[in-house]
Amino acid sequence: MKRIAIGVLLAIVVVAIGHFYGPTIYRVSTDRPTLEAYLAEAGLWAPLVFVVLMATQVVVAPLPGLVVGLVGGYVFGAARGFLLNLAGFTLGAMIAFSLARYFGKPLVHRFFGTRYDSLLARIRGKRGALIIATVFVFPFAPDDVVCFLAALTPIRARLFAVLVLIFRTPGLLASSLTGAGVIDMSPEAWTALGIVGAILLLIAWRNKQALLRWGDRMLDTIGGN
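For the sequence shown, our numbering begins at 1155 and goes up steadily by one.
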């Protein structure tokens, strides 16, 4: 009951931020210099501000998150930026999932119309978890949208969280490393990342039970269980 209350409170906070500060959030999250300046002004609060911004860009609109991910690596460094990127995206993904599960298809149609209904139909099939993982692992796929669509299927919230943690990691890591200047992600490099992602997805799916157990242990650790 306590976790549900915390989840509802977080959802209300993020949605309220998006409602009242939507234009500002859009401007900040889509313009790198503006976002860097905004985080510099936040001072010691910058990590928290960044996580909230990353979560908000998943839930509200949703907004493009590539700029946010790159800036995370640039401002906080590769390792810290990656952890903040992963924390923010996971928080936003779970809030989006919770909102869509509570309010159902009307909320999803309000955000996206009916253009993703065919994708929803595939996610509802027997290989729904595989499709969700595929969207998460490939660059520029509609991962934010899938956070809402997944909630309209029978998938458990815990399994969805595991899929987020495992399969969003490569893309968020690449963004963080690029932002930190460790690697240079040209269009060709993003294509290569997609190919590597496909290979990793195949390997991961062949060992999915072990990966899911690892994900469960990670969630237990995060939750303090």
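From the three backbone atoms N, C-alpha and C, an ideal C-beta is built for every residue, glycine too.
Applying the 10 Å Cβ sphere with the 16-neighbour rule, what's the burial state of residue i?
{"i": "PHE1236", "result": "buried"}
{"i": "ILE1353", "result": "exposed"}
{"i": "GLY1335", "result": "exposed"}
{"i": "VAL1350", "result": "exposed"}
{"i": "ARG1322", "result": "buried"}
{"i": "TYR1256", "result": "exposed"}
{"i": "THR1345", "result": "exposed"}
{"i": "SER1272", "result": "exposed"}
{"i": "LEU1202", "result": "exposed"}
{"i": "ALA1232", "result": "buried"}
{"i": "ALA1287", "result": "buried"}
{"i": "ASP1297", "result": "buried"}
By alpha-carbon positions, which one of the options ends up nearest to residue i?
{"i": "VAL1316", "options": "ALA1283, VAL1336, ASP1338, VAL1203", "result": "ALA1283"}
{"i": "THR1244", "options": "LEU1207, PRO1341, ASP1338, VAL1221", "result": "LEU1207"}
{"i": "LEU1274", "options": "PRO1293, VAL1291, LEU1306, PRO1296", "result": "LEU1306"}
{"i": "ARG1186", "options": "ILE1357, GLY1333, ILE1337", "result": "GLY1333"}
{"i": "GLY1242", "options": "VAL1222, SER1272, ALA1232, ALA1209", "result": "ALA1209"}
{"i": "VAL1300", "options": "ILE1357, LEU1356, LEU1253, PRO1324", "result": "LEU1253"}
{"i": "VAL1262", "options": "PHE1302, GLU1190, ALA1196, VAL1212", "result": "PHE1302"}
{"i": "ILE1357", "options": "ILE1320, GLY1325, ASP1338, PRO1201", "result": "ILE1320"}
{"i": "LEU1198", "options": "VAL1229, LEU1220, ILE1286, ILE1337", "result": "VAL1229"}
Which of the three DSSP states, helix, strand or coil, is assigned to residue i?
{"i": "ALA1334", "result": "coil"}
{"i": "TYR1270", "result": "coil"}
{"i": "VAL1214", "result": "coil"}
{"i": "ILE1357", "result": "helix"}
{"i": "ARG1234", "result": "helix"}
{"i": "ARG1312", "result": "helix"}
{"i": "ARG1186", "result": "helix"}
{"i": "THR1307", "result": "coil"}
Check: Which residue spans inside the region 1240-1305 form an unbroken alpha helix (DSSP H) run of at least 4?
Finding: Positions of the alpha helix (DSSP H) runs, each at least 4 residues long and wholly inside the region 1240-1305, are given as 1259-1266, 1271-1277, 1282-1291, 1297-1303 in order along the chain.
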